[in-house]
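To start, the structure itself, in structure tokens.
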Amino acid sequence: MTRSATELRTFWYMGAKTRLCDEFINGAVRDLVEPGATLLDACTGTAAVARWFAPDYRILANDVQRFSATVARAYLEGGPDWQRVLEYLDPEDDLGRVRDDNLRMLESLAPDALELESSLLVQIGDSECESDPEVFDRYRTLVTQAPIPDGSDPSVEKSRLHEPLASQILELLKNRRANPRGAPAVLCTTYWAHLYFSLRQAMQIDSLRRAIDEIPATDQFQQQKQNLYLAALIHAVSISTSGTSHFAQPRSIEKDTELVAVVRRRLLNIDEQFELSLDAIRTEWGSVARHPDNRVYRSDVHQLLEKGSPLDDEQVDLVYLDPPYTADNYSRFYHVLETLVCYDYPELEHRDGVLTRGRYPLQANRFRSDFCSGSRVEDAFRRLVKSCHERGARLLISYSTDTGLLTRRWLSQGHQQPAACLRELILEVYSNVEIREQNLMHSGQGDSNRSVRELLLLCED
Ligand SMILES: C[S@@+](CC[C@H](N)C(=O)[O-])C[C@H]1O[C@@H](n2cnc3c(N)ncnc32)[C@H](O)[C@@H]1O
Numbered sequence: 011m012t013r014s015a016t017e018l019r020t021f022w023y024m025g026a027k028t029r030l031c032d033e034f035i036n037g038a039v040r041d042l043v044e045p046g047a048t049l050l051d052a053c054t055g056t057a058a059v060a061r062w063f064a065p066d067y068r069i070l071a072n073d074v075q076r077f078s079a080t081v082a083r084a085y086l087e088g089g090p091d092w093q094r095v096l097e098y099l100d101p102e103d104d105l106g107r108v109r110d111d112n113l114r115m116l117e118s119l120a121p122d123a124l125e126l127e128s129s130l131l132v133q134i135g136d137s138e139c140e141s142d143p144e145v146f147d148r149y150r151t152l153v154t155q156a157p158i159p160d161g162s163d164p165s166v167e168k169s170r171l172h173e174p175l176a177s178q179i180l181e182l183l184k185n186r187r188a189n190p191r192g193a194p195a196v197l198c199t200t201y202w203a204h205l206y207f208s209l210r211q212a213m214q215i216d217s218l219r220r221a222i223d224e225i226p227a228t229d230q231f232q233q234q235k236q237n238l239y240l241a242a243l244i245h246a247v248s249i250s251t252s253g254t255s256h257f258a259q260p261r262s263i264e265k266d267t268e269l270v271a272v273v274r275r276r277l278l279n280i281d282e283q284f285e286l287s288l289d290a291i292r293t294e295w296g297s298v299a300r301h302p303d304n305r306v307y308r309s310d311v312h313q314l315l316e317k318g319s320p321l322d323d324e325q326v327d328l329v330y331l332d333p334p335y336t337a338d339n340y341s342r343f344y345h346v347l348e349t350l351v352c353y354d355y356p357e358l359e360h361r362d363g364v365l366t367r368g369r370y371p372l373q374a375n376r377f378r379s380d381f382c383s384g385s386r387v388e389d390a391f392r393r394l395v396k397s398c399h400e401r402g403a404r405l406l407i408s409y410s411t412d413t414g415l416l417t418r419r420w421l422s423q424g425h426q427q428p429a430a431c432l433r434e435l436i437l438e439v440y441s442n443v444e445i446r447e448q449n450l451m452h453s454g455q456g457d458s459n460r461s462v463r464e465l466l467l468l469c470e471d
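For the sequence shown, the numbering used here begins at 11 and goes up steadily by one.
Structure follows, in structure tokens:
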């Protein structure tokens, strides 16, 4: 197989296996099951692994996050009829009118801020080498004047540039929480403008999102189209964030170098990125065959694998498990993508009475994985290994030899060979477990030069 990591990238994601598919994971899968078998990518994330094997295997994919399942569906699910629709798809016809109407309404909510923002972004974008301190400071001031979605900063002076949005924001949000379909769609503009996106980008995102919702039920392919367009929007949003690659915290613009990096992202046109991403999905459909019985689920992996789930009707030959490695819950790092899919104007979390810097939805409404909990991770592995075995499936696990939550814990307890401890745990159920390792330069947050050992455990009877 010759597909590159760039081709496999659907959105920026920590722990994506784009660089490990070729050879490392490919070799293990082919040693465990023959082409034509059914492979379940149980925590699919960006769907990179599922997509890698889609030409030769029947794919089932799953993730607990909606954005991930949406992207996986766009790349994996659909038969010949859908393939024909994709060839002749007319996104402008499907989305153009509603998108433009919504955008016009949003623009009229903050015309002065939009105009100033465009001018400052262009000036800063053009002046990379010679920074103009006055322009930089004017941009910083504009950003601090953004209306806050819980009205916690009612200063009239601060908000004037963003009129009438600033004086209407609380009423708008109250109305949208009562009726999320009200016009205009404003979630991204009110929650994250000047934070993860420019004001214009936020308005473009809201407008595309509304247009996707409004594809009429009379369209025979309504659901597939909505899913496809949403997947393209997720990609556009992921690569346009002003943060590094995730949404755990907005990036500071205090330093000039950071401000320039943020501005570079804020100059990206969401509509253009959306089209590029749509083209990528359609091209892949045109060039790589898909099994018509591929299926994508959105479930907690334990519920999916234990008895009484939709998998009961399936023969699963191999489960590929790539769980979170650390205590960082994906629902926090990618909350913007999840909220974009739900588009339900969630209540935002406050700490000590103040909105969190990351503007997260309430913690109670974000999924918390057992694989991210020091006290539950070992049991999570044990449960999962048992349920895979009961289904008669082989199992392939990706984990980190030295930085995984569980392997680190074993190391700190004095075990010199944490990979061997994991092997022992699996041997409680499977009779053969082979360990393979590969060094990888880490692509996490801010520590991109660290080499970590990637672990594969091949489990069978
Ligand atoms: C390391 S990432 C997977 C990366 C993926 N293999 C790729 O190449 O993009 C872990 C994934 O597990 C998902 N996840 C975490 N806990 C889960 C659970 N209990 N059930 C299902 N998915 C879960 C996260 O949402 C995340 O997408």
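Each residue gets a CB set at the ideal place from its N, CA and C atoms; glycine is no exception.
- The secondary-structure analysis by DSSP pairs valine 306 across a beta bridge with Ala71.
- When Leu116, Glu87, Asp281, Leu126 are compared, the shortest CA-CA separation from arginine 150 is found for Leu126.
- Per the DSSP secondary-structure output, phenylalanine 207 pairs in a beta bridge with Ala203.
- Along the length of the segment 65 to 111, whole beta strand (DSSP E) runs at least 3 residues long occupy 68 to 72, reported in chain order.
- At a threshold of 7 Å, alanine 58 counts as near ligand 1, since its beta carbon sits closer than that to one of the ligand's heavy atoms.
- The three-state reading of DSSP puts asparagine 442 in strand, counting E and B together.
- Using a C-beta cut-off of 8 Å, the segment 225 to 235 makes no contact with the segment 186 to 204, since fewer than three inter-stretch Cβ pairs fall below that distance.
- Using a Cβ-Cβ distance cut-off of 8 Å, the segment 98 to 108 and the segment 251 to 258 are not in contact, since fewer than three pairs of beta carbons, one from each stretch, lie closer than that value.
- No Cβ-Cβ contact shorter than 8 Å links arginine 342 with leucine 358.
- When only Cα atoms are considered, serine 255 and proline 333 end up about 19 Å apart.
- For tyrosine 330, the enclosing beta strand (DSSP E) starts and ends at 328 to 331.
- Glutamine 214 counts as buried, since no fewer than 16 other beta carbons sit within 10 angstroms of its beta carbon.
- Arginine 219 is a Cβ neighbour of leucine 350, given a cutoff of 8 Å.
- Per DSSP, the continuous alpha helix (DSSP H) segment holding leucine 437 begins and ends at 428 to 437.
- By the neighbour-count criterion, in which a residue is buried when 16 or more other Cβ atoms sit within 10 angstroms of its Cβ, asparagine 237 is buried.
- In this structure, the C-beta of proline 371 stays at least 7 Å away from each heavy atom of ligand 1.
- In the structure shown, proline 371 falls within a strand segment according to DSSP collapsed to helix, strand and coil.
- Leu405 is the residue among Leu405, Glu224, Ser287 whose C-alpha sits nearest the C-alpha of cysteine 53.
- With contacts defined by Cβ atoms closer than 8 Å, alanine 374 and aspartate 327 do not form a contacting pair.
- Between arginine 419 and leucine 467, the CB-CB gap reaches or exceeds 8 Å.
- Of the candidates Arg19, Thr80, Ala64, the residue whose Cα lies closest to the Cα of cysteine 352 is Thr80.
- Between isoleucine 134 and phenylalanine 146, the gap from beta carbon to beta carbon is short of 8 Å.
- Distances between the C-beta of threonine 417 and the heavy atoms of ligand 1 are all 7 Å or more.
- Only buried fits methionine 24, as 16 or more other CB atoms lie within 10 angstroms of its CB.
- Using a cutoff of 7 Å, the CB of tyrosine 340 counts as near ligand 1, since one of the ligand's heavy atoms is closer than that.
- Between phenylalanine 381 and alanine 390, the C-beta gap is smaller than 8 Å, which places the two residues in contact.
- Taken through DSSP and simplified to helix, strand or coil, arginine 404 comes out as strand.
- In the displayed model, serine 250 falls within a helix according to three-state DSSP.
- Here arginine 367 really is in contact with proline 260; their C-beta atoms are around 7 Å apart, less than 8 Å.
- Scanning its chain for C-beta atoms nearer than 7 Å, with the 5 sequence neighbours on each side dropped, one finds around glutamine 325 the residues Thr48, in chain order.
- C-alpha of tyrosine 330 to C-alpha of glycine 363: approximately 43 Å in a straight line.
- With a threshold of 7 Å, the Cβ atom of asparagine 442 does not count as near ligand 1, since no heavy atom of the ligand is closer than that.
- The Cβ atoms of leucine 124 and leucine 197 do not sit closer than 8 Å to each other.
- Pairing alanine 242 with leucine 288 gives a Cβ-Cβ distance under 8 Å.
- By the neighbour-count criterion, in which 16 or more other beta carbons inside 10 Å mark a residue as buried, histidine 245 falls on the buried side.
- Setting aside the 5 residues that flank it on each side, arginine 148 is surrounded in the same chain by Leu130, each with a C-beta closer than 7 Å to its C-beta; the list follows chain order.
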